[in-house]
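Trainee: In the numbering used here, the protein residues as written are 295 to 408.
Beta carbons are placed, not taken as given, at the ideal position from N, Cα and C, and that holds for glycine.
Here you go, one structure.
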Amino acid sequence: MNPFSIINPSTDEEICQVEEGTKSDPDKAIEAAEKGFQYDSPWRKFDPAVRPQLICKLADLLLRVVDYLATVMLALKLGSALVCGNVVILKPAEQTPLTTPFYPSAIKEAGFPP
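Below, the structure is given as structure tokens:
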């Protein structure tokens with residue numbers, strides 16, 4: 295494990311420490327995305343007419359934590375990709391790693407297939 299500090303740029307104080315990704319993390323993410331894109335995956339079988347409903351539910355869930363999100367750009371890009379049936383790999387910027395932990399739990403709670 296290799297933690298690094300997240301620093302508040304306005305105060306130079308440490309906010310927290312997060313774990314640095316490993317060399318194998320990108321391979322794991324790509325493998326998971328490939329599984330999600332397989333013809334027989336739950337996501338590919340998911341009714342395209344229901345996808346927008348899931349996106350709306352996800353948006354409602356993310357609005358609960360919008361004050362904690364540094365940007366909503368990811369949410370905008372994520373929604374359009376998912377409505378079109380794409381798989382998505384989230385990779386936060388090194389400077390803002392705390393913006394993405396909300397997404398996996400919200401996606402699961404919204405009812406997206408694994």
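Take Ala404 as the anchor and find which of Leu356, Pro395, Pro391, Ser299 has the nearest alpha-carbon.
Mentor: Leu356
Trainee: Can you have a look at Tyr397 and say buried or exposed, based on whether 16 or more other CB atoms are within 10 angstroms of its CB?
Mentor: buried
Trainee: Contact between the region 334-349 and the region 368-382: three or more CB pairs below 8 Å?
Mentor: For the pair of segments examined, the region 334-349 was found to touch the region 368-382: the number of CB pairs separated by less than 8 Å reaches three.
Trainee: Please report the residue range of the alpha helix (DSSP H) in which Cys350 lies.
Mentor: 345-357
Trainee: Find the nearest neighbour of Ile383 within the set Asn302, Phe331, Val312, Pro303, judged by alpha-carbon distance.
Mentor: Closest by alpha carbon: Phe331.
Trainee: How is Glu314 classed by DSSP in three states: helix, strand or coil?
Mentor: coil
Trainee: Relative to the alpha-carbon of Pro342, which residue among Asn380, Thr305, Gln389, Asp321 has its alpha-carbon at the smallest distance?
Mentor: Nearest Cα to Pro342 within the set Asn380, Thr305, Gln389, Asp321: Asn380.
Trainee: Thinking C-alpha only, which one of Ser304, Thr316, Cys310, Asn302 is nearest Asn296?
Mentor: Ranking the options by Cα distance to Asn296, first place goes to Thr316.
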